[in-house]
Amino acid sequence: MEAVPTRARVYVACVALLALLCLLPLPRTHVPWWAVALLAVLYAACEYVARRRFAGTFYPVLLAGAFLLPPPAAALVPLSAALLPGGAGSGPTPLRRVWRAAQPALAVWAASRVHWTLGGRDAVVGADFPYALVPAGAAVLAFCLVLAVLDGGILALAERVPARRAWRGLLARSLAPIAVHGLAGLMMAVLWRSPYGPVAALLVLLPMCVSWWVFAQYHRERAAHQATIRALVQAVDIKDGYTRGHSERVGQASVMIARELGMDDERVEVLRFAGILHDVGKLGVPTRLLRKDGPLTPEERRVIELHPEYGHEMVRGISFLGEARAAILHHHERLDGSGYPYGLMGGQIPECARVVAVADAFDAMTSTRSYRRARPVQAALEELERCAGAQFDPRMVTALARALGRDGWHPTVTADETQLPMLPPAPPPSRDTADRAEEDLAEADRAEGDRDRVGRGAAS
Numbered sequence: 176m177e178a179v180p181t182r183a184r185v186y187v188a189c190v191a192l193l194a195l196l197c198l199l200p201l202p203r204t205h206v207p208w209w210a211v212a213l214l215a216v217l218y219a220a221c222e223y224v225a226r227r228r229f230a231g232t233f234y235p236v237l238l239a240g241a242f243l244l245p246p247p248a249a250a251l252v253p254l255s256a257a258l259l260p261g262g263a264g265s266g267p268t269p270l271r272r273v274w275r276a277a278q279p280a281l282a283v284w285a286a287s288r289v290h291w292t293l294g295g296r297d298a299v300v301g302a303d304f305p306y307a308l309v310p311a312g313a314a315v316l317a318f319c320l321v322l323a324v325l326d327g328g329i330l331a332l333a334e335r336v337p338a339r340r341a342w343r344g345l346l347a348r349s350l351a352p353i354a355v356h357g358l359a360g361l362m363m364a365v366l367w368r369s370p371y372g373p374v375a376a377l378l379v380l381l382p383m384c385v386s387w388w389v390f391a392q393y394h395r396e397r398a399a400h401q402a403t404i405r406a407l408v409q410a411v412d413i414k415d416g417y418t419r420g421h422s423e424r425v426g427q428a429s430v431m432i433a434r435e436l437g438m439d440d441e442r443v444e445v446l447r448f449a450g451i452l453h454d455v456g457k458l459g460v461p462t463r464l465l466r467k468d469g470p471l472t473p474e475e476r477r478v479i480e481l482h483p484e485y486g487h488e489m490v491r492g493i494s495f496l497g498e499a500r501a502a503i504l505h506h507h508e509r510l511d512g513s514g515y516p517y518g519l520m521g522g523q524i525p526e527c528a529r530v531v532a533v534a535d536a537f538d539a540m541t542s543t544r545s546y547r548r549a550r551p552v553q554a555a556l557e558e559l560e561r562c563a564g565a566q567f568d569p570r571m572v573t574a575l576a577r578a579l580g581r582d583g584w585h586p587t588v589t590a591d592e593t594q595l596p597m598l599p600p601a602p603p604p605s606r607d608t609a610d611r612a613e614e615d616l617a618e619a620d621r622a623e624g625d626r627d628r629v630g631r632g633a634a635s
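Per my numbering, the very first residue in the sequence shown carries number 176; after that it's consecutive.
Have a look at this one:
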């Protein structure tokens with residue numbers, strides 16, 4: 176949490192104050208301190224292993240504490256993990272430690288309060304099944320709700336995520352895995368209260384550790400996916416520095432469109448991959464063509480127009496990309512059938528390719544090129560709307576306009592921008608500049624930049 180905004184610091188302080196208020200009844204509560212200490216040490220040990228070897232947070236011990244202890248005592252269990260050192264490099268900041276302590280403390284307190292209010296303590300002691308599942312389920316739901324609310328707040332304030340998106344999907348994504356942890360916590364609590372005692376309860380953690388290892392493998396695989404994509408994008412940027420940063424911005428715009436269309440998180444992620452990798456086929460184009468200063472011959476243009484097919488072949492064997500491969504192949508198709516490589520029309524063009532086409536054209540117009548300054552966002556949107564129906568899917572254009580109107584556009588500044596102080600601003604679209612605008616929209620690559628410069632030279 177470096178450079179955390181003041182409002183986020185105030186938010187963390189308020190959460191910490193609420194956590195302290197939850198502990199106030201401790202002097203008046205009968206607390207089994209040995210159980211609190213054992214659970215706190217166990218939770219700290221599990222968290223240490225999870226952060227070093229696995230991924231995420233290990234909740235069964237926390238939920239077992241919610242099922243076994245009074246609410247103020249249960250809120251003490253997660254405090255021990257806040258003292259743990261961080262991973263590689265510098266440890267967590269004091270603010271992060273406060274957050275690590277306060278957030279789970281509030282969630283456990285809420286879960287324990289709900290569990291005890293619904294008579295869950297007696298159900299655990301008497302091993303009263305299936306009734307014991309009712310208060311336990313309610314407690315898990317309360318636990319998830321508190322975590323989701325607090326996580327959404329910190330996203331909105333510290334990461335400046337728009338409020339509409341900050342909480343979207345948090346509860347749905349966390350409910351299933353935490354419910355599994357809740358079942359393990361309930362089993363621990365029942366065994367803890369049984370004649371077999373706490374030692375038997377600890378055995379529940381063994382199968383949970385195995386499942387956690389599998390979950391960690393999944394996260395490692397995702398990290399490998401990200402590394403693969405970063406390597407491909409870096410290779411494109413090295414070969415064609417002319418559009419450095421373009422791929423990441425197209426991925427960002429594609430995500431904005433996909434979310435505005437209501438796509439699920441999995442498809443949004445695929446669209447992000449598609450936007451980032453849409454020009455990966457340039458690796459198959461001779462460097463001399465990408466960096467050529469003069470006009471391109473028809474043969475050279477045909478070679479450059481093969482880059483979608485090159486890209487599709489390059490990523491064909493990467494299974495996790497899914498429909499992103501179709502977007503890479505068809506992002507230069509046009510609704511009227513005049514695009515390439517196959518001249519598809521209308522609904523024949525995959526939806527993901529229509530998303531990337533709009534994102535690609537938008538960034539091409541709003542980025543600085545060696546022959547012109549970037550256009551204002553509003554001018555780019557007007558040009559997209561003018562070409563909607565013939566070149567672009569109107570739904571995608573409308574979705575991008577809505578997303579930009581709400582969230583704005585904050586792209587990464589390209590390295591080329593600071594090297595072009597004397598370039599004039601782009602003129603507003605007109606009938607005289609329509610052909611040049613069409614080239615920017617359709618190609619968004621070096622070949623079209625060359626053609627644009629030649630056209631301007633002839634006009635002058």
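Where is the CB? At the ideal position from N, CA and C, for every residue including glycine.
What residue does the alpha helix (DSSP H) around residue i start on, and which one ends it?
i	result
Val315	Leu308 to Ala333
Leu198	Thr181 to Leu198
Ser422	His421 to Glu435
Ile353	Leu345 to Arg368
Val455	From DSSP, Val455 is part of no alpha helix (DSSP H); its letter is neither H nor E.
Thr639	No information on residue 639 is available, as it lies outside the stretch 176 to 635 that the chain covers here.
Met489	His482 to Val490
Pro373	Gly372 to Leu377
Arg476	Pro473 to Ile479
Gly514	Taken as a continuous stretch (DSSP letters only), Gly514 belongs to no alpha helix (DSSP H), as it is neither H nor E.
Ile493	No alpha helix (DSSP H) contains Ile493, which DSSP labels as neither H nor E.
Met571	Pro569 to Asp582
Thr541	Glu526 to Thr541
Do you know how far the Cα of residue j is from the Cα of residue i?
i	j	result
Leu496	Leu254	41 Å
Ala359	His453	44 Å
Leu350	Ala311	13 Å
Glu526	Asp511	15 Å
Ala188	Trp209	30 Å
Ala501	Ser369	57 Å
Arg570	Ala183	36 Å
Arg463	Asp412	15 Å
Trp342	Asp582	16 Å
Gly492	Leu504	14 Å
Val224	Tyr218	10 Å
Leu251	Tyr371	25 Å
Met438	Leu198	42 Å
Met383	Val389	10 Å
Thr204	Glu334	39 Å
Arg476	Gly459	14 Å
Leu332	Tyr485	43 Å
Met489	Leu465	18 Å
Glu558	Thr543	17 Å
With C-beta atoms as the reference, is residue i less than 9 Å away from residue j?
i	j	result
Val445	Glu498	yes
Val190	Ala248	no
Ala364	Trp284	no
Gly450	Ser422	yes
Ala402	Ala239	no
Arg282	Leu308	Inspection of the sequence shows that residue 282 is occupied by Ala rather than by Arg. No, Cβ-Cβ distance for Ala282 and Leu308 is not below 9 Å.
Leu556	Val572	yes
Arg509	Ala565	yes
Pro245	Val206	yes
Phe242	Gly328	no
Ala280	Leu293	no
Val196	Pro373	The question names Val, but residue 196 in the sequence shown is Leu. No, the Cβ-Cβ distance between Leu196 and Pro373 is not below 9 Å.
Pro461	Val443	no
Val324	Leu330	no
When the cut-off is 9 Å and only beta carbons count, does residue i lie next to chain D?
i	result
Met438	Among the protein chains of the structure shown there is no chain D, as only one such chain exists.
Return the chain-ordered list of same chain residues with a C-beta closer than 6 Å to the C-beta of residue i, the five sequence neighbours on each side being excluded.
i	result
Thr181	none
Leu436	Ala574
Trp584	Val552
Ser605	Low confidence applies to Ser605: its pLDDT is 32, below 50, so where it sits in the model is not reliable, and the reading given next is rough at best. Excluding sequence neighbours, Ser605 sits near nothing in its chain.
Leu201	Pro247
Output needed for residue i: all residues of its chain with C-beta closer than 8 Å, excluding positions within five of it in sequence on either side, in chain order.
i	result
Glu222	Thr232, Phe233, Ala256 and Leu259
His507	Glu480, Pro483, Gly514, Tyr515, Pro516, Ala532, Ala617 and Glu618
Arg348	Asp440
Ala276	Ala191, Ala194, Pro253, Leu254, Ala256 and Ala257
Given residue i, which residues of its chain have a CB within under 7 Å of its CB, disregarding the five upstream and five downstream residues?
i	result
Asp326	Leu345
Asp535	Val425, His453, His506 and Ala619
Ala298	Tyr306, Ala307 and Pro310
Ile404	Phe448, Ile451 and Leu452
Answer yes if the region 466 to 473 comes into contact with the region 508 to 521, meaning at least three C-beta pairs across the two stretches below 8 Å, and no otherwise.
-> Taking a cut-off of 8 Å on C-beta distances, the region 508 to 521 does not touch the region 466 to 473, as fewer than three cross pairs fall below it.
At least 3 beta-carbon pairs within less than 8 Å: the region 275 to 294 vs the region 305 to 319 = Pairwise C-beta distances place the region 275 to 294 in contact with the region 305 to 319, as three or more of them are shorter than 8 Å.
So does the region 349 to 356 actually touch the region 233 to 248, counting three or more Cβ pairs closer than 8 Å?
-> Counting Cβ pairs under 8 Å, three or more are found: they touch.
Can you find at least 3 beta carbon pairs, one from the region 536 to 544 and one from the region 394 to 403, that sit closer than 8 Å?
-> Result no; under three Cβ-Cβ pairs closer than 8 Å.
State whether the region 425 to 439 contacts the region 565 to 579, with contact taken as three or more CB pairs (one from each stretch) at a distance under 8 Å.
-> The region 425 to 439 is in contact with the region 565 to 579.
At least three beta-carbon pairs within less than 8 Å, the region 363 to 378 to the region 295 to 305 | Note that the region 363 to 378 touches the region 295 to 305; at least 3 beta-carbon pairs, one per stretch, sit closer than 8 Å.
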